[in-house]
Amino acid sequence: GIQVEQSPPDLILQEGANSTLRCNFSDSVNNLQWFHQNPWGQLINLFYIPSGTKQNGRLSATTVATERYSLLYISSSQTTDSGVYFCAVEGGGTSYGKLTFGQGTILTVHP
Amino acid sequence: GAVVSQHPSWVICKSGTSVKIECRSLDFQATTMFWYRQFPKQSLMLMATSNEGSKATYEQGVEKDKFLINHASLTLSTLTVTSAHPEDSSFYICSAGQGKYSPLHFGNGTRLTVT
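Here it is as structure tokens:
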């Protein structure tokens with residue numbers, strides 16, 4: 001099956017700093033989503049981005065499908081950005097909806 | 112937007128008992144729903160695909176007799192953990208979407224503790 005690797009595994013920032021999270025995947029994808037998991041376990045859907053670039057406030061994401069990677073940018077980070085960020089993909093040869101998750105990036109933002 | 116509701120949020124049960132978790136799509140119909148499991152400090156792993164009106168399909172290594180899935184309507188799937196044991200303690204989360212090339216939406220998850 002498709003492999004998903006996220007980097008870095010851990011990231012510690014001071015409030016106000018910018019950061020880039022990376023997601024590499026091993027095959028073509030029908031779907032790629034970025035999620036933020038908060039301390040209560042809720043998965044917040046940040047972006048649905050199988051290709052191209054999107055922006056939502058301080059967050060933006062870019063997926064270069066031909067090169068099999070996606071980037072999540074967080075600008076002017078806030079303490080509420082802390083948590084685990086997951087990249088999840090649905091492989092091109094996979095049935096609809098079966099997502100493979102990366103191992104996540106644990107982000108800690110200090111005031 | 113599409114909303115997936117999951118109930119209960121947390122449950123504590125004794126070893127040997129069964130627990131049922133519900134997953135509902137509130138504002139759309141879902142012929143297919145998905146169940147994931149997440150152990151502490153780990154990623155999410157797909158357990159099974161719930162198919163409305165037919166049998167669920169399970170991922171390799173997931174015991175179908177322990178994790179019973181029923182998808183009796185277009186808006187409700189249930190996961191029953193049968194004869195629960197402490198090693199079944201985990202975070203269970205469901206998802207659903209509105210069709211190919213659309214995002215998957217997740218419920219808020221159920222934290223199961225088996226004592």
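Protein chains in written order, with the working numbering: chain A, 1 to 111; chain B, 112 to 226.
For glycine and all other residues, C-beta sits at the position ideal for the given N, C-alpha and C.
No experiment lies behind these values; they were computed from the predicted model shown.
Cross-chain neighbours of residue i in chain B, by beta carbon under 7 Å
i	result
F101 (chain A)	S154 and L155
L59 (chain A)	Those do not exist, as L59 (chain A) stays about 15 Å from chain B at its closest Cβ, beyond 7 Å.
G92 (chain A)	Neighbours of G92 (chain A) on chain B: none; closest Cβ ~12 Å, over 7 Å.
Per-residue DSSP class, three states only, for residue i
i	result
A61 (chain A)	strand
E67 (chain A)	helix
E198 (chain B)	helix
T112 (chain A)	Outside the modelled stretch of chain A, which goes from 1 to 111, sits residue 112 (chain A), for which no answer is possible.
Y212 (chain B)	coil
N45 (chain A)	strand
D27 (chain A)	coil
S7 (chain A)	strand
Y96 (chain A)	coil
T189 (chain B)	strand
G1 (chain A)	coil
G52 (chain A)	strand
G104 (chain A)	coil
Residue i burial status per 10 Å Cβ neighbour count (16 or more: buried)
i	result
A88 (chain A)	buried
L137 (chain B)	exposed
R132 (chain A)	Only positions 1 to 111 of chain A appear in this structure, which leaves residue 132 (chain A) out of reach.
Selection from the options that minimises the alpha carbon distance to residue i
i	options	result
F178 (chain B)	B:L185, B:L157, B:G164 and B:T186	B:L157
S28 (chain A)	A:S60, A:P50 and A:G104	A:P50
N18 (chain A)	A:Q33, A:L72, A:N38 and A:G93	A:L72
R68 (chain A)	A:N30, A:I12, A:L11 and A:Q42	A:N30
S126 (chain B)	B:A207, B:G220 and B:E198	B:E198
H182 (chain B)	B:R222, B:R148, B:F217 and B:A159	B:A159
Q151 (chain A)	A:V64, A:S77 and A:L99	One cannot answer for residue 151 (chain A) here, as it falls past the ends of chain A, which runs 1 to 111.
G164 (chain B)	B:E174, B:T189 and B:Q153	B:T189
N162 (chain B)	A:S95, A:T108 and A:T66	A:S95
V7 (chain A)	A:G102, A:G1, A:K98 and A:H110	A small correction: the amino acid at residue 7 (chain A) is Ser; Val does not occupy that position in the sequence shown. Among A:G102, A:G1, A:K98 and A:H110, the Cα nearest to that of S7 (chain A) is on A:G102.
V114 (chain B)	B:T221, B:K211, B:V225 and B:T186	B:T186
Contacts of residue i in chain A (Cβ-Cβ under 9 Å)
i	result
Y212 (chain B)	N30, N31, P50 and Y96
G208 (chain B)	N31, Y96 and G97
Under 8 Å from the C-beta of residue i: neighbouring residues of chain A
i	result
G172 (chain B)	Simply none; closest approach about 13 Å.
F145 (chain B)	G97, K98 and L99
T160 (chain B)	S95, G97 and K98
Per-residue contacts from residue i into chain B (C-beta, under 8 Å)
i	result
G41 (chain A)	Q149, F202, I204, N219, G220 and R222
F86 (chain A)	S154 and L155
G104 (chain A)	S154
Chain-ordered neighbours of residue i on chain A, where CB pairs are closer than 7 Å
i	result
L215 (chain B)	Q33, G97 and L99
Curious, which full-length alpha helix (DSSP H) runs of at least 4 residues does the segment 113-184 of chain B contain?
-> None, since the segment 113-184 of chain B contains no complete alpha helix (DSSP H) of that length.
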